[in-house]
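Undergrad:
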Amino acid sequence: MQAPTFLLTAVLCLSSCFGPSVQECKEEYRRREPNHIACRPPNQNCKKTKSGLSRGERFAVLFHHNHWRGVVARGEQNATWKQRGNRYAPARNMLKLIWDNELASVAQARADQCTDAHGSIDTNDYLKRFTTKFNFTGENQAVRLSNVSFTGRNWSGMIFTWYSEIRYYPTDHIMEYKPECHAHSEHFSQMVWAATQYVGCGATDYTIDPKAELPYLQLYVCNYGPGGNVLTTPLYLPGDDDTICSSCPKGTACNKKTGLCELGKGARESQEASEEPAPDALHKEPKPPDEGRPTSARRNGADRPAIVRLPCAVTWGAAVSAALRALLF
Numbered sequence: 017m018q019a020p021t022f023l024l025t026a027v028l029c030l031s032s033c034f035g036p037s038v039q040e041c042k043e044e045y046r047r048r049e050p051n052h053i054a055c056r057p058p059n060q061n062c063k064k065t066k067s068g069l070s071r072g073e074r075f076a077v078l079f080h081h082n083h084w085r086g087v088v089a090r091g092e093q094n095a096t097w098k099q100r101g102n103r104y105a106p107a108r109n110m111l112k113l114i115w116d117n118e119l120a121s122v123a124q125a126r127a128d129q130c131t132d133a134h135g136s137i138d139t140n141d142y143l144k145r146f147t148t149k150f151n152f153t154g155e156n157q158a159v160r161l162s163n164v165s166f167t168g169r170n171w172s173g174m175i176f177t178w179y180s181e182i183r184y185y186p187t188d189h190i191m192e193y194k195p196e197c198h199a200h201s202e203h204f205s206q207m208v209w210a211a212t213q214y215v216g217c218g219a220t221d222y223t224i225d226p227k228a229e230l231p232y233l234q235l236y237v238c239n240y241g242p243g244g245n246v247l248t249t250p251l252y253l254p255g256d257d258d259t260i261c262s263s264c265p266k267g268t269a270c271n272k273k274t275g276l277c278e279l280g281k282g283a284r285e286s287q288e289a290s291e292e293p294a295p296d297a298l299h300k301e302p303k304p305p306d307e308g309r310p311t312s313a314r315r316n317g318a319d320r321p322a323i324v325r326l327p328c329a330v331t332w333g334a335a336v337s338a339a340l341r342a343l344l345f
């Protein structure tokens, strides 16, 4: 059985590393918010065994995010999931996500704070994770717990789990974001929020209480800019099969194959100048969230089933109206 996966949401709404390996408490953070995520002292109860992302993990994050954004943009998810309401329309303005090192640094700072021994974390601090580029950022988290040490990370599984909340998001809320407390879908909506263009993630393997029943934990954190899940605003602009990515924002162009709006050639070449090609394995169809499990746990079946925990009150308290968002910028 798969290692338990606990999902948390707070959407207002690096070993060999690529980008910053530890959080950086920038002067602007300290000046605007002394308790910024990146400026907090280390969690003395957290014993980290691995911190940060490898180059391969970074590409995995981008590939799996953009894969599922493309599935939504092309209107292809309807063959897989039974949606509430009508068919999910293709998107006219879904942006392709790009990696952002500063978002990743703040996400890593969050991950390095760890959780308590049960995987719980305070998520109601959305005003304390801004960056120099984005005053308003979104955040998705996932926690895995196991009775044996992990042999690797499972980004495809975590991202697929966030995406799978599509089954709870009604199609009549595409043009006007309205989260429902009884059906949590905030990870999905942030993940496919069309106007979000940048993502940066962090992860930490750690233990809190070695005597706990499930002492080994992994915390995954992804931050998004600009943040999504803004009340009364569109998830994306719906269209039809003939208008997929027909309303791409200025500076981007439609990729008919992926259905995503991508940076123009010059900007894209500048953005990718220092990037290496992604490993071939990352271009395979994403698998369900059962890979990356601890090997010994897979053999002895000692892990518990996955559990989903999404505090609705935090989501509603964190979601901002368009007016408040205007004040933040």
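Sequential numbering from 17 applies to the sequence shown in the working numbering.
The beta-carbon is built from N, C-alpha and C at its ideal position, and this holds for glycine as well.
Here the structure is a predicted model, which is why all the values come from computation and not from measurement.
Can you check whether the CB of residue 253 is closer than 8 Å to the CB of residue 107?
TA: Yes, the Cβ-Cβ distance between residue 107 and residue 253 is below 8 Å.
Undergrad: Where residue 227 and residue 233 are concerned, what is the direct C-alpha to C-alpha distance, given to the nearest angstrom?
TA: A direct Cα-Cα distance of roughly 13 Å separates residue 227 from residue 233.
Undergrad: Could you pull out every residue in the same chain whose Cβ sits closer than 6 Å to the Cβ of residue 290, ignoring the five residues on either side in sequence?
TA: Any reading at residue 290 needs caution, since the residue's pLDDT is 36, under 50, leaving its predicted position unreliable; the model's value is listed next. Answer for residue 290: no residue qualifies.
Undergrad: So, at 8 Å on beta carbons, what are the nonlocal neighbours of residue 250 in its own chain, with the 5 sequence-adjacent residues on each side left out?
TA: 190, 191, 192, 193 and 210
Undergrad: Per DSSP, what kind of secondary structure is residue 217 in: helix, strand or coil?
TA: strand
Undergrad: Report the rounded CA-to-CA distance for residue 195 versus residue 201, giving the unit in angstroms.
TA: 7 Å
Undergrad: Counting C-beta neighbours from all protein chains within 10 Å, is the total for residue 267 16 or more, i.e. buried, or is it exposed?
TA: exposed
Undergrad: In angstroms, rounded to a whole number, what distance separates the CA positions of residue 129 and residue 41?
TA: One C-alpha to the other measures close to 14 Å.
Undergrad: Might you give, ordered along the chain, the residues of its own chain that have their beta carbon closer than 8 Å to the beta carbon of residue 212, omitting 5 neighbours on each side?
TA: Here the set comprises 111, 113, 154, 206, 240, 241, 242, 243 and 244.
Undergrad: Do residue 225 and residue 64 have their C-beta atoms closer together than 8 Å?
TA: no
Undergrad: What does the alpha-carbon distance come out to for the pair residue 185 and residue 203?
TA: 10 Å
Undergrad: If you draw a straight line from the alpha carbon of residue 44 to that of residue 231, how long is it in whole angstroms?
TA: 37 Å
Undergrad: Please return the same chain residues whose Cβ sits closer than 6 Å to the Cβ of residue 150, not counting the five positions on each side in sequence.
TA: Apart from sequence neighbours up to five positions away, the residues of its chain that approach residue 150 with a beta-carbon distance below 6 Å are 241 and 242, ordered along the chain.
Undergrad: Find out if the Cβ-Cβ distance for the pair residue 170, residue 238 is shorter than 8 Å.
TA: no
Undergrad: Look up residue 41 in the DSSP assignment and say whether it is helix, strand or coil.
TA: coil
Undergrad: Distance, Cα to Cα, residue 80 vs residue 60?
TA: Spanning the two alpha carbons is a distance of roughly 33 Å.
Undergrad: State the DSSP-derived secondary structure class of residue 234, mapped to helix, strand or coil.
TA: In the structure shown, residue 234 sits in a strand (DSSP, three-state: E or B).
Undergrad: Given 7 Å as the limit, tell me if residue 131 has its C-beta closer than that to any heavy atom belonging to the ligand GTP.
TA: This structure simply doesn't include the ligand GTP, nor any ligand for that matter.
Undergrad: In the structure shown, what three-state DSSP assignment does residue 276 receive?
TA: strand
Undergrad: Tell me where the alpha helix (DSSP H) around residue 82 begins and ends.
TA: Per DSSP, residue 82 belongs to the alpha helix (DSSP H) from 71-89.
Undergrad: By the three-class DSSP mapping on this structure, what secondary structure does residue 208 have?
TA: coil
Undergrad: Identify the continuous beta strand (DSSP E) that holds residue 271 and give its terminal residues.
TA: 268-271
Undergrad: For residue 261, collect the residues of the same chain with a Cβ closer than 6 Å to its Cβ; drop the 5 residues on either side in sequence, then sort them by chain order.
TA: 270, 275 and 277
Undergrad: Per DSSP, what are the beta-bridge partners of residue 114 in this structure?
TA: Looking at the DSSP assignment, residue 114 forms a beta bridge with 214.
Undergrad: Is DSSP giving residue 133 helix, strand or coil here?
TA: coil
Undergrad: When you compare only the Cα positions, how much space is there between residue 124 and residue 236?
TA: 9 Å
Undergrad: Going straight from the alpha carbon of residue 265 to that of residue 109, what length do you get?
TA: Roughly 7 Å between the two C-alpha positions.
Undergrad: Less than 8 Å between the CB atoms is what I'm expecting for residue 122 and residue 53, so what's the real figure, rounded?
TA: 6 Å
Undergrad: Which of the three DSSP states, helix, strand or coil, is assigned to residue 164?
TA: coil
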